[in-house]
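Undergrad:
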Amino acid sequence: MPSTTARAGGVFLPIVKSLSLSAGSKPNDPSARKLGSYLVQSQLQASGNSSALFLTAAAQNLLCLKLAEEIGVKIANPWISWFKVASLPAIISLLATPYLLYKIFPPEIKDTPEAPAIAAQKLKNMGPVTRNEWIMVATMILAVSLWIFGDTIGVSSVVAAMIGLSILLLLGVLNWEDCLNEKSAWDTLAWFAILVGMAGQLTNLGIVSWMSNCVAKVLQSFSLSWPAAFGVLQASYFFIHYLFASQTAHVGALYSAFLAMHLAAGIPAILSALALTYNSNLFGALTHYSSGQSAVYYGAGYVDLPDVFKLGFTTAAINAVIWGVVGTFWWKFLGLY
Ligand SMILES: *[C@@H]1O[C@H](CO)[C@@H](O)[C@H](O)[C@H]1NC(C)=O
Numbered sequence: 005m006p007s008t009t010a011r012a013g014g015v016f017l018p019i020v021k022s023l024s025l026s027a028g029s030k031p032n033d034p035s036a037r038k039l040g041s042y043l044v045q046s047q048l049q050a051s052g053n054s055s056a057l058f059l060t061a062a063a064q065n066l067l068c069l070k071l072a073e074e075i076g077v078k079i080a081n082p083w084i085s086w087f088k089v090a091s092l093p094a095i096i097s098l099l100a101t102p103y104l105l106y107k108i109f110p111p112e113i114k115d116t117p118e119a120p121a122i123a124a125q126k127l128k129n130m131g132p133v134t135r136n137e138w139i140m141v142a143t144m145i146l147a148v149s150l151w152i153f154g155d156t157i158g159v160s161s162v163v164a165a166m167i168g169l170s171i172l173l174l175l176g177v178l179n180w181e182d183c184l185n186e187k188s189a190w191d192t193l194a195w196f197a198i199l200v201g202m203a204g205q206l207t208n209l210g211i212v213s214w215m216s217n218c219v220a221k222v223l224q225s226f227s228l229s230w231p232a233a234f235g236v237l238q239a240s241y242f243f244i245h246y247l248f249a250s251q252t253a254h255v256g257a258l259y260s261a262f263l264a265m266h267l268a269a270g271i272p273a274i275l276s277a278l279a280l281t282y283n284s285n286l287f288g289a290l291t292h293y294s295s296g297q298s299a300v301y302y303g304a305g306y307v308d309l310p311d312v313f314k315l316g317f318t319t320a321a322i323n324a325v326i327w328g329v330v331g332t333f334w335w336k337f338l339g340l341y
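Residue numbers are given in this note's numbering: position 305 of the sequence shown equals residue 309, and the series is strictly consecutive.
#1: Tell me, to the nearest whole angstrom, how far the beta carbon of residue 296 is from that of residue 188; I am working on the premise that it is less than 8 angstroms.
#2: Within its chain, find whatever has a CB closer than 8 angstroms to the CB of residue 326; leave out the 5 residues flanking it on each side and keep chain order.
#3: Suppose the cutoff is 8 angstroms on Cβ atoms and the five residues either side in sequence are ignored; what does the same chain contact list for residue 68 look like?
#4: Starting from residue 259, trace the alpha helix (DSSP H) both ways and give me its first and last residue.
#5: Compute the beta-carbon to beta-carbon distance between residue 264 and residue 213, rounded to the nearest angstrom, for a pair I have assumed lies under 8 angstroms.
#6: Assuming residue 46 and residue 8 make a contact with CB atoms under 8 angstroms, what is their CB distance in whole Å?
#7: Closest to residue 50 by C-alpha separation, out of 32, 104, 266 and 241, would be which residue?
#8: Quick one, which of 141, 22 and 308 has its alpha-carbon nearest residue 123's?
#9: Just tell me which of 181, 324 and 84 has its CA closest to the CA of residue 338.
#10: Given a cut-off of 8 angstroms, decide if residue 170 and residue 245 are closer than it, judged by their beta-carbon atoms.
#11: Report yes if the CB atom of residue 150 is closer than 8 angstroms to the CB atom of residue 139, and no otherwise.
#12: Which term fits residue 86, buried or exposed, when burial requires 16 or more other beta carbons within 10 angstroms of its beta carbon?
#13: Does DSSP classify residue 39 as helix, strand or coil?
#14: To the nearest angstrom, report how far apart residue 146 and residue 10 are at their CA atoms.
#15: Just list the alpha helix (DSSP H) runs in the segment 258 to 308, keeping only unbroken ones of 4 residues or longer that don't cross its boundaries, in chain order.
#16: Closer than 7 angstroms to a non-hydrogen atom of ligand 1 - does that hold for the CB of residue 244?
#17: Within 8 angstroms, do at least three Cβ pairs link the segment 186 to 200 to the segment 56 to 76?
#18: Could you tell me if residue 52 is buried or exposed, where buried requires 16 or more neighbouring beta carbons within 10 angstroms of its beta carbon?
#19: Put residue 170 into one of helix, strand or coil per three-state DSSP.
#20: Among 41, 48, 17 and 6, which one has its Cα closest to the Cα of residue 286?
#21: Considering only the alpha carbon of each residue, which of 41, 220, 6 and 32 lies closest to residue 20?
#22: Residue 207 lies in the alpha helix (DSSP H); which residues open and close that run?
#23: Confirm the yes/no value for this check: CB of residue 101, any heavy atom of ligand 1, distance under 7 angstroms.
#24: Report buried or exposed for residue 141, applying the criterion of at least 16 other Cβ atoms within 10 angstroms of its Cβ.
#25: Can you tell me whether residue 49 sits near ligand 1, meaning its C-beta is under 7 angstroms from at least one heavy atom of the ligand?
#26: How far does the alpha helix (DSSP H) with residue 33 in it reach, from first residue to last?
#27: Do residue 234 and residue 271 have their C-beta atoms closer together than 8 angstroms?
#28: Shorter than 7 angstroms, the distance from the beta carbon of residue 320 to the closest heavy atom of ligand 1, or not?
#29: Ends of the alpha helix (DSSP H) at residue 342?
#30: Using the Cα positions of residue 71 and residue 112, report the straight-line distance between them to the nearest angstrom.
#31: When the Cα of residue 61 is compared with those of 131, 90, 36 and 108, which residue comes out closest?
#32: Is residue 246 helix, strand or coil when you go by DSSP?
#33: May I ask whether a heavy atom of ligand 1 can be found less than 7 angstroms away from the beta carbon of residue 326?
#34: For residue 195, collect the residues of the same chain with a Cβ closer than 8 angstroms to its Cβ; drop the 5 residues on either side in sequence, then sort them by chain order.
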């Protein structure tokens, strides 16, 4: 699913909610801590890592690559390269997330033997898989395969998405009304159209290179080596997200400038471009306004505001350690630097 918010609202939150309610854990209630708050928070943290894993897992990822291309950093075979570089740190982080939260934000209920039985019952009530659901599965497989292998046969990612949408519309799985109701998708489209245009102009008019040269000079005056400059720039890019209420808006406003600063500081191009894109996913769980999905999860009413901020910061620190340590070795191994 190419949208983190859609995955959160459409798939995970309904599951988390029904599991929690069946375990007697209600939102905006002391019982929230029984199970719901743990599930919601670990799902939110996991979503950042899973969106960093696949190029097509989040809307802003493709925007990042487009902006990188405008600055002259072109990544060959994007889907595969993206996945290779992200795989090890993202998978380790994904595996660690439920365990870490279990330690720092434990649920009160530690055992839910009735959950599988309830799930089996619900599945039975839903009946067999319908025709439309099979078409959906097949279309999804086709679209994802085209995203992965399309480059070699000359099908771009946009064409792959249009083919998928056309199949769903032609076979009546979706109608135009459904498309109109995808509010967040139209929002993204409008943002993209404007931001890509504006970012292009900032580059053309020389503002991005002027800004990045200034910062590069400052970094040079401290005579920072490129790995140190890399750390400083990545951390600044990450924590500036406290000022943004959307991942796409942050990418549109700052990605090009930060990438140019990386290049001016002599950091390897592909490493810079990809690390910034991964960070653009990971900062989505900092606060309740950081991203579409975190608003959705917070809105469910299971986690208190102070907890959101505390956990957002602690897990971000842990995250920096995991991605930093694993990334250092993995990216050396892959020859990115
Ligand atoms: C990703 O995984 C790490 C390690 O489990 C965690 O600290 C972090 O909060 C996770 N999510 C995000 C959005 O960074």
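C-beta: ideal position from N, C-alpha, C; glycine also.
No experiment lies behind these values; they were computed from the predicted model shown.
TA: In terms of the structure at hand:
#1: 6 angstroms
#2: 93, 96, 97 and 100
#3: 255, 259, 277, 280, 281 and 284
#4: Looking at the DSSP string, residue 259 is not in any alpha helix (DSSP H), and its letter there is neither H nor E.
#5: 6 angstroms
#6: Contact flag wrong, Cβ pair sits at about 15 angstroms.
#7: 104
#8: 22
#9: 84
#10: no
#11: no
#12: buried
#13: coil
#14: 20 angstroms
#15: 260 to 268, 273 to 286 and 296 to 303
#16: no
#17: yes
#18: buried
#19: helix
#20: 48
#21: 41
#22: 187 to 208
#23: yes
#24: exposed
#25: yes
#26: Neither: residue 33 is in no alpha helix (DSSP H) and is coded neither H nor E.
#27: yes
#28: yes
#29: The structure shown has nothing for residue 342, since the chain only spans 5 to 341.
#30: 45 angstroms
#31: 90
#32: helix
#33: yes
#34: 250, 252, 253 and 256
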